[in-house]
Amino acid sequence: MEKFFKLIKNACIYAPEYIGKRDILIAGKTIITIEENINFPLFDLEIYDATGLIAIPGLIDPHVHITGGGGEGGFSTRTPELRISDCIKNGVTTAIGCLGTDGITRSLENLYAKAKAMEEIGISTYIYTGSYSVPPVTFTGSIQKDIILIDKVIGVGEIAISDHRSSQPTFEEIVKIVADARVGGMIAKKPGIVNFHVGNGERGIEILFEIVKRTEIPIKHIYPTHISRGKKLFEQGLEFAKLGGVIDLTALQPEENSEFGFNTVDAIIQSFDNNLIENVTISSDGQGSLPKFDKNGNFVGLGVGSVGALLYTIKKVVERGIKLDETLKIATVNTAKVFNFSKKGRIAKDFDADIVFLRDWEVVSVISRGEFLMKDGILKPINFE
11 MEKFFKLIKN
21 ACIYAPEYIG
31 KRDILIAGKT
41 IITIEENINF
51 PLFDLEIYDA
61 TGLIAIPGLI
71 DPHVHITGGG
81 GEGGFSTRTP
91 ELRISDCIKN
101 GVTTAIGCLG
111 TDGITRSLEN
121 LYAKAKAMEE
131 IGISTYIYTG
141 SYSVPPVTFT
151 GSIQKDIILI
161 DKVIGVGEIA
171 ISDHRSSQPT
181 FEEIVKIVAD
191 ARVGGMIAKK
201 PGIVNFHVGN
211 GERGIEILFE
221 IVKRTEIPIK
231 HIYPTHISRG
241 KKLFEQGLEF
251 AKLGGVIDLT
261 ALQPEENSEF
271 GFNTVDAIIQ
281 SFDNNLIENV
291 TISSDGQGSL
301 PKFDKNGNFV
311 GLGVGSVGAL
321 LYTIKKVVER
331 GIKLDETLKI
341 ATVNTAKVFN
351 FSKKGRIAKD
361 FDADIVFLRD
371 WEVVSVISRG
381 EFLMKDGILK
391 PINFE
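Residue numbering for the sequence shown follows the numbering used here, beginning at 11 and increasing consecutively.
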């Protein structure tokens, strides 16, 4: 049985700022103090010796197909649901679920149920209403009602633009979605984000620039993803970031080679070079399909995204010479800021106790909301895994 108080000893902490070797005292779900040497004389206390381990904040993945995705190549190409243990083993303690291309055979109801299941295990979860298509599928028939009345709904997405799989929405349709998300977010005190899937079409994010230019809607409600899919699109993304927007890059999958051609690692390095890293996040596209199409738009192959892409990408960026404390921001504090997660993204007093312990880039232990979901490589028992 989990004990209410936990004392983490001798962890080398990146909060994400490097603060050195410290002890961490946790009460319930919350970090209550971080000091050089804590002696806490209680019988109801679990002590975990983290000597030799690096402690980082639990990673926040803002774009995960938790109920699976795909289907672009027929029913047999539907990808499976996310295994909750995959999040744990890869240090993801907060995930935002979305549908994707298929808003017909994949339902928001199933998305909600999966998010609740993950929450019961101990991972923090949220979801988007909608899918690729416009008008968006919703629970209630209204974006505003979904955001205001359904606890886990914090925005809309992923709405597809500049993609042959999109419903080719007009400017007016897109503006109405963003406006509804903003008002719903204001009333419910939620971020009201619209997550835009951006394909490899020539228009890129031109329609998003138009929203910023022609309306009064704050840029913070517009959150384009897959911006690292090509150099031209990424250059557009940098211009969007210069206006104050945040761009999301799809993390490099573990089987991808980061040394050939333009990729997410290059995009992150360039973000640092342009002093725009505070406006950049990464997401895994976990369990989403990674379809391949020929020049005529015909489906020719399929991969499946892994939530392990976050930590893998961070590792590859550090190997390119960027410090770990700076790199961690793209999957911790930056993402927390986008979604107004005031208690996540840091190892700090009064923050949620979401902590990942690493040794040589391998996840050794995971605490999420104050509970060990994995300890010394042994997962907490999970039903149906």
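C-beta: ideal position from N, C-alpha, C; glycine also.
Endpoints, the alpha helix (DSSP H) within which residue i is located
i, result
"CYS97", "94 to 99"
"ILE157", "153 to 159"
"GLU183", "181 to 198"
"LEU248", "241 to 252"
"ASP283", "274 to 283"
"ASN344", "343 to 348"
Helix, strand or coil at residue i [DSSP, three-state]
i, result
"LYS19", "strand"
"HIS73", "strand"
"VAL147", "coil"
"ARG224", "helix"
"GLU5", "The requested residue 5 is not part of the displayed model; the chain covers only 11 to 395."
"ALA25", "coil"
"LEU334", "helix"
"ASP173", "coil"
"THR235", "strand"
"LEU320", "helix"
"ILE357", "coil"
"ILE229", "helix"
"LEU389", "strand"
"THR87", "helix"
"PHE50", "coil"
"ILE131", "helix"
"ILE215", "coil"
"LYS339", "helix"
"GLU12", "coil"
"ILE114", "coil"
"GLU329", "helix"
Local Cβ density within 10 Å of residue i, reported as buried at 16 or more and exposed below that
i, result
"ILE57", "exposed"
"VAL310", "exposed"
"PRO51", "exposed"
"PRO391", "exposed"
"MET384", "buried"
"PHE361", "buried"
"ILE365", "buried"
"MET196", "exposed"
"SER352", "exposed"
"THR291", "buried"
"ASP33", "buried"
"ALA123", "exposed"
"GLY38", "exposed"
"ILE388", "exposed"
"ILE94", "buried"
"ARG192", "buried"
"LEU55", "exposed"
"ARG213", "exposed"
DSSP bridge partner residues for residue i (one or two, in chain order)
i, result
"TYR122", "Partner(s): none; TYR122 has no beta bridge."
"GLY165", "TYR138, ILE203"
"GLU45", "ASP33"
"ILE292", "LEU259"
"PHE367", "ALA65, SER375"
"THR40", "ALA37, ASP362"
"VAL208", "ILE171"
"GLY80", "ARG88"
Host beta strand (DSSP E) of residue i (start-end)
i, result
"THR104", "102 to 107"
"GLU381", "381 to 385"
"ALA65", "64 to 67"
"ILE57", "55 to 59"
Beta-carbon proximity of residue i to residue j, cut-off 8 Å
i, j, result
"GLY80", "THR87", "yes"
"LEU69", "LEU321", "yes"
"ILE324", "ALA341", "yes"
"ASN210", "GLY167", "no"
"SER316", "GLN263", "yes"
"ILE157", "LYS199", "no"
"VAL188", "ILE227", "yes"
"VAL348", "TYR233", "yes"
"PRO67", "THR345", "no"
"LYS368", "ILE18", "Strictly speaking, residue 368 in this sequence is Leu, with Lys absent from that position. Their beta carbons are not under 8 Å apart, which means LEU368 does not touch ILE18 by this criterion."
"ARG379", "GLY62", "no"
"ILE332", "PHE282", "yes"
"ILE169", "VAL144", "yes"
"LEU92", "ILE114", "no"
"GLY101", "VAL275", "no"
8 Å Cβ cutoff, residue i in contact with chain D
i, result
"ASP335", "As a matter of chain content, chain D is missing from the structure shown, which is built from one protein chain."
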